[in-house]
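Chains X and Z, in that order, give the protein sequences.
To convert, count from 1 in the first sequence and add 3; that's this note's numbering.
To convert, count from 1 in the second sequence and add 904; that's this note's numbering.
Heads up, the thing below is written out as structure tokens.
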Amino acid sequence: MDTCLQPSISRRSLLASTAALFATNTTTARARTVTQMLPWEPGTATPPVPVRPGPWMFFMADEAALVEAAVDRLIPPDDRGPGGKDAGCAVFIDRQLAGPYGRGDGLYMKPPFMRGAATQGYQMPDSPAARYRTGLRALADYVKAKFPGSSFPELPADDQDKVLAGLESGSIALKNVSGAQFFALLLQNTQEGFFSDPVYGGNRDMVGWKLVGFPGTRYDYRDWVERHNEPYPLPPVSIMGRSDWTVRE
Amino acid sequence: MARKLPPKDVVIIGLGWTGSILAYELTKAGLDVVAIERGPWRDTASEFPPAYAQDELRYAIRLDLFLRPEQDTLTFRNNKGQTALPMRNFVSFLPGNGVGGAGVHWNGQTWRFLPTDFRLRSHLEERYGKNFLPNDMIIQDWPLSYDELEP
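Okay, here's the thing in structure tokens:
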């Protein structure tokens, strides 16, 4: 270990005896004892793994077409820039659902499962991925029954908006699924996809950040702290950098 | 199975800001101190380095550094007519997890006091009248003024 990484004397005395306990259940516990020095090791950082272009990882083809059509109505393309589809919101949601978020990692997923008040949040046992699977199926079935011969992506934009608005308000009842809760989940994930770092597959070419003038993951703004009422001139930057920073062969 | 650990002068439960300061002072005074913490060791270089600490999705939305409800949660209800149900994700408050406690993700803002903040009871009574503050509101003036503290 590099000498500069050795803890100072005061840190050493503070850490003279620090134990970290991990309670795994009521009868066993794993404890790690940290004493004398900081347990720093190189190579333990966990930067985000960039989403790669390619086939859908969670969605079936018809699910993906529905989600792409829906996110393009939630954030429609206009003269200020691309909409949800071209911004990659469906790709973002697909990759999120294929990973820990989709599995519901970290959430409390044990019984009792009973409907509560709105303030008590989603109380059913389904992971986000399962909610998409059943929600998209129920939505496709609704459209098929209401507009015979058409699927959601084939509907005119006005009808798509009516369906989405009906889900949001609760005036459209889906089979075995709360349309309003599914709409809220889809809207939340669409917004995340539009404004999250492009490393996750959405916000393509930082279109969301350019739209609102957000400079991205820049490291340091100290030069600008005292410069009031001046537009910040530098373009946004992602965790991965910028394409024009990449050396071309 | 219970395991008996060596005796210590002081055991600190939770090594957040308060626990860390206590541990520092007590070890400096020569006491043998052990601090017990839930969750992992936290290290700036490994877990929230400047290269991606600004990642809002990971830290502010997916709550990467916080206690996960699957580790420990609580039930709540808004009134006696409801059935208390588990919090399946945290929203209204965010408990910390790991060494450093909630201090690891603290992002509060500590504004400098205004002169009126030091004499808040007097200020409010002058401005809104003697009867403005309810009887059970125990708000008081500080024994120091802004001018006394101003260097």
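Each residue gets a CB set at the ideal place from its N, CA and C atoms; glycine is no exception.
Because the structure is a prediction, the values reported are computed rather than measured.
**Item:** Whole-angstrom distance between Val146(X) and Asp968(Z), CA atom to CA atom
**Value:** 37 Å
**Prompt:** Do Lys919(Z) and Gly1004(Z) have their C-beta atoms closer together than 8 Å?
**Reply:** Strictly speaking, residue 919(Z) in this sequence is Leu, with Lys absent from that position. Contact: yes.
**Residues that Asn982(Z) contacts on chain X, provided the C-beta gap is smaller than 7 Å** = Ala120, Thr122
**Request:** Could you work out which residue in Arg134(X), Val228(X), Thr47(X), Gly211(X) is closest to Phe62(X) when comparing CA atoms only?
**Result:** Arg134(X)
**Request:** State the Cα-Cα distance for the pair Trp1010(Z) and Lys178(X), rounded to the nearest angstrom.
**Result:** 43 Å
**Prompt:** For Asp936(Z), which option in Asn983(Z), Met1041(Z), Val915(Z), Lys1034(Z) has the closest C-alpha, if you only look at C-alpha atoms?
**Reply:** Comparing Cα positions, the closest option is Val915(Z).
**With 16 other Cβ atoms within 10 Å as the buried cut-off, status of Gln191(X)** = Counting Cβ neighbours within 10 Å, Gln191(X) comes out exposed, since fewer than 16 surround it.
**Request:** Below 7 Å CB to CB, which residues in the same chain sit around Asn993(Z) once its five sequence neighbours on both sides are set aside?
**Result:** Non-local C-beta neighbours of Asn993(Z) in its own chain, meaning closer than 7 Å and more than five positions away in sequence, comprise Pro973, ordered along the chain.
**Request:** Measuring only between beta-carbons, confirm whether Arg1016(Z) sits less than 8 Å from chain X.
**Result:** no
**Prompt:** Quick one: is Lys88(X) buried, meaning 16 or more other Cβ sit within 10 Å of its Cβ, or exposed?
**Reply:** buried
**Request:** With a 10 Å radius around its C-beta and 16 neighbouring C-beta atoms as the bar for buried, classify Thr47(X) as buried or exposed.
**Result:** With fewer than 16 other Cβ atoms inside 10 Å of its own Cβ, Thr47(X) counts as exposed.
**Message:** Does chain X have any CB closer than 8 Å to the CB of His1009(Z)?
**Reply:** no
**Asked** Exposed or buried, which one is Ser13(X) when buried takes at least 16 other CB atoms within 10 Å?
**Response** Summary for Ser13(X): the model assigns pLDDT 44, below 50, so the residue's position carries little reliability; its value from the coordinates is reported in the next sentence. The residue in question, Ser13(X), is exposed, as its Cβ has fewer than 16 Cβ neighbours within 10 Å.
**Request:** For the segment 942-995 of chain Z, list the beta strand (DSSP E) runs that are entirely contained and at least 3 residues long, ordered along the chain.
**Result:** none
**Message:** Please tell me whether Gln986(Z) has its Cβ less than 8 Å away from any Cβ of chain X.
**Reply:** yes
**Item:** Any C-beta of chain Z under 8 Å from that of Ser199(X)
**Value:** yes
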